[in-house]
Amino acid sequence: MTTMTRSAEVERWPGVATVPSGLKVRVASPVARALFHKAVARLPLRVQMPGGEYSGGEFSGGGGPDSPLMVIHRPDDFAARVGDSGLIGFGESYMAGDWEASDLTAVLEVFASRVATLIPDFLQRLRGLYIPKQPRSERNSTQNTRSNISRHYDLSNELFELFLDDTMTYSSALFDDLSVGDSQSWDVFAAAQHRKIDRLLDGAGVGPGSRVLEIGTGWGELAIRAAQRGATVRSVTLSVEQQELAAKRISAAGLADRVQVDLLDYRQVQGEYDAVVSVEMIEAVGHQYWGSYFQKIDSLLAPGGRAAIQAITMPHDRMLATRNTYTWVHKYIFPGGFLPSIRAIEDVTERMTTLRVRERMSMGDHYAQTLRLWDERFSARAEEVAALGFDDVFTRMWHFYLCYSEAGFRSGYLDVQQVILDRRNPR
Numbered sequence: 004m005t006t007m008t009r010s011a012e013v014e015r016w017p018g019v020a021t022v023p024s025g026l027k028v029r030v031a032s033p034v035a036r037a038l039f040h041k042a043v044a045r046l047p048l049r050v051q052m053p054g055g056e057y058s059g060g061e062f063s064g065g066g067g068p069d070s071p072l073m074v075i076h077r078p079d080d081f082a083a084r085v086g087d088s089g090l091i092g093f094g095e096s097y098m099a100g101d102w103e104a105s106d107l108t109a110v111l112e113v114f115a116s117r118v119a120t121l122i123p124d125f126l127q128r129l130r131g132l133y134i135p136k137q138p139r140s141e142r143n144s145t146q147n148t149r150s151n152i153s154r155h156y157d158l159s160n161e162l163f164e165l166f167l168d169d170t171m172t173y174s175s176a177l178f179d180d181l182s183v184g185d186s187q188s189w190d191v192f193a194a195a196q197h198r199k200i201d202r203l204l205d206g207a208g209v210g211p212g213s214r215v216l217e218i219g220t221g222w223g224e225l226a227i228r229a230a231q232r233g234a235t236v237r238s239v240t241l242s243v244e245q246q247e248l249a250a251k252r253i254s255a256a257g258l259a260d261r262v263q264v265d266l267l268d269y270r271q272v273q274g275e276y277d278a279v280v281s282v283e284m285i286e287a288v289g290h291q292y293w294g295s296y297f298q299k300i301d302s303l304l305a306p307g308g309r310a311a312i313q314a315i316t317m318p319h320d321r322m323l324a325t326r327n328t329y330t331w332v333h334k335y336i337f338p339g340g341f342l343p344s345i346r347a348i349e350d351v352t353e354r355m356t357t358l359r360v361r362e363r364m365s366m367g368d369h370y371a372q373t374l375r376l377w378d379e380r381f382s383a384r385a386e387e388v389a390a391l392g393f394d395d396v397f398t399r400m401w402h403f404y405l406c407y408s409e410a411g412f413r414s415g416y417l418d419v420q421q422v423i424l425d426r427r428n429p430r
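Each number in the numbering used here comes from the position in the sequence shown (counting from 1) with 3 added on.
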């Protein structure tokens with residue numbers, strides 16, 4: 004595995020390499036410890052603290068001996084990080100190796116399923132005074148968005164190739180006949196990704212001669228599928244790496260004359276299109292710009308046109324409670340992002356556009372399976388990840404991100420929806 008000097012680690016991972024200290028931590032750390040113990044006492048979870056001043060061996064919640072096990076190696080450091088920055092510190096403590104779990108998703112699912120009640124109401128009301136604020140440099144203005152996107156999607160095409168399937172599709176698949184508890188296998192993954200794409204294209208009415216705009220290129224698979232139907236496609240992205248690889252894949256498919264991939268902010272797109280398709284792009288827009296996003300789609304749709312979006316969603320009450328919260332995901336994975344609720348999508352389109360939600364389909368269970376497959380593949384190829392120059396902290400961070408996301412969908416806290424929109428009053 005890739006290792007770093009101490010000075011390089013502090014520079015690359017300041018929130019991980021150094022345990023926070025100072026007056027705030029001395030006051031907050033005992034509070035965090037007490038809240039954690041109180042929360043765990045109500046949860047179907049086992050926690051083991053082997054060593055450290057505050058250890059008490061193993062203590063359990065209400066789940067019994069078969070409950071997921073969380074092993075805290077450094078209880079004092081764990082409490083200091085959580086006390087200093089809440090859930091950001093919780094994630095950083097995993098990145099630092101303060102705690103482990105043999106089944107990380109199962110542990111995180113326990114927390115995700117009760118996220119609204121883990122912290123007492125009176126402390127949740129003080130969230131704005133305590134939790135770090137989103138840096139202004141991460142708001143998704145036209146000046147900032149490219150930087151935000153590049154921090155994730157320009158990490159390395161080779162990294163994403165290690166854990167994505169051959170379609171290079173980085174969004175939820177749609178498996179055939181998925182039942183609760185099903186465990187999907189890698190050999191059906193590409194077909195499930197095509198099934199997802201084809202359903203969106205069907206919903207948007209894409210066929211021979213269709214003029215299609217794709218907002219958020221990914222690595223080109225949706226554009227390829229649309230062009231294979233006889234459509235002409237313009238796809239826009241702000242990721243240099245994605246644009247480069249998508250263009251190569253489109254050319255290799257013999258479709259360069261039908262697909263154009265532009266490095267362009269969606270707000271700068273002009274023209275008229277029969278269909279607008281956008282897969283898991285709204286999450287990167289930021290709640291301050293949802294109106295601009297849907298107004299742009301509205302302005303670009305030709306008479307009789309349709310839009311099809313795939314959106315990760317969260318419950319409306321949690322969306323309202325957390326929309327000004329800076330999170331671990333913001334800091335390390337998706338700067339500037341925020342998940343809408345379905346109600347928010349309906350409200351924004353009703354108030355600010357001529358669009359309406361014509362139909363929608365929930366497929367959160369499918370995303371849980373998608374993330375499980377990605378994480379299994381990523382973990383199995385850890386040596387190749389290291390060979391690309393990614394260190395141990397990155398590997399732990401990415402594993403945490405994939406498991407954290409899977410836990411959200413498994414618990415029902417997160418969902419993903421395919422949403423078809425058309426105009427209330429067709430022009």
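Ideal Cβ placement from N, Cα and C applies to all residues, glycine included.
- One thing to note: T316 has its Cβ no nearer than 8 Å to the Cβ of I336.
- Sorting Y407, G294, I423 by C-alpha distance to the C-alpha of Y97 places Y407 at the top.
- Listed in chain order, the non-local C-beta contacts of L225 below 7 Å within the same chain comprise I200, E217, V280, V282, local neighbours out to five positions each way being set aside.
- Secondary structure at V396: helix, using DSSP grouped into helix, strand and coil.
- CA-to-CA, the gap between S254 and I285 works out to about 27 Å.
- By the beta-carbon neighbour count (other beta carbons within 10 angstroms, threshold 16), D277 is buried.
- Nearest Cα to A35 within the set G89, W16, D157: G89.
- Per the C-alpha coordinates, the member of K299, L358, R309, H290 positioned closest to N327 is H290.
- The alpha-carbon of A230 is positioned some 15 Å away from that of R202.
- At a Cβ-Cβ threshold of 8 Å, V419 and A250 do not count as neighbours.
- The alpha-carbon of L376 is positioned some 13 Å away from that of A410.
- In the DSSP assignment, I200 falls within the unbroken alpha helix (DSSP H) covering 192-206.
- In the structure shown, the three-state DSSP call for T352 is helix.
- Two segments are said to touch when three or more pairs of C-beta atoms, one from each, lie closer than 8 Å; by this definition the segment 101-118 does not touch the segment 358-370.
- Taking the Cα positions, E386 is about 36 Å away from S365.
- When the five nearest sequence neighbours on each side are left out, the beta carbons in the same chain lying within less than 7 Å of the beta carbon of W401 are those of F381, in order along the chain.
- When the five nearest sequence neighbours on each side are left out, the beta carbons in the same chain lying within less than 7 Å of the beta carbon of G294 are those of V351, M355, in order along the chain.
- Where A37 is concerned, the enclosing alpha helix (DSSP H) starts and stops at 26-43.
- For R399, the closest of L417, V28, S105 by C-alpha to C-alpha distance is S105.
- Close CB contacts of G210 within its chain, under the 8 Å cut and outside five residues either way in sequence, are with R232, G233, A234 (chain order).
- Across the structure, V236 and E95 are spaced so that their CA atoms are roughly 41 Å apart.
- E112 sits buried, since 16 or more C-beta atoms from the chains shown fall within 10 Å of its C-beta.
- In terms of Cα proximity to N151, the closest of S32, T172, T240, P68 is T240.
- Here P78 carries a helix assignment [DSSP, helix/strand/coil].
- Beta-bridge partners assigned by DSSP to D418: T316.
- Exposed is the label assigned to D69, since fewer than 16 other Cβ atoms lie within 10 Å of its Cβ.
- The residue from G367, D425, D190, F397 with its alpha-carbon nearest to that of G415 is G367.
- Bounds of the alpha helix (DSSP H) holding Y296 are 293-303.
- Distance from the CA of V110 to the CA of H40, rounded to the nearest whole angstrom, comes to 15 Å.
- Note on geometry: alpha-carbon atoms of I423 and P318 lie some 20 Å from one another.
- Under the 10 Å beta carbon count, W331 is surrounded by 16 or more other beta carbons and is classified as buried.
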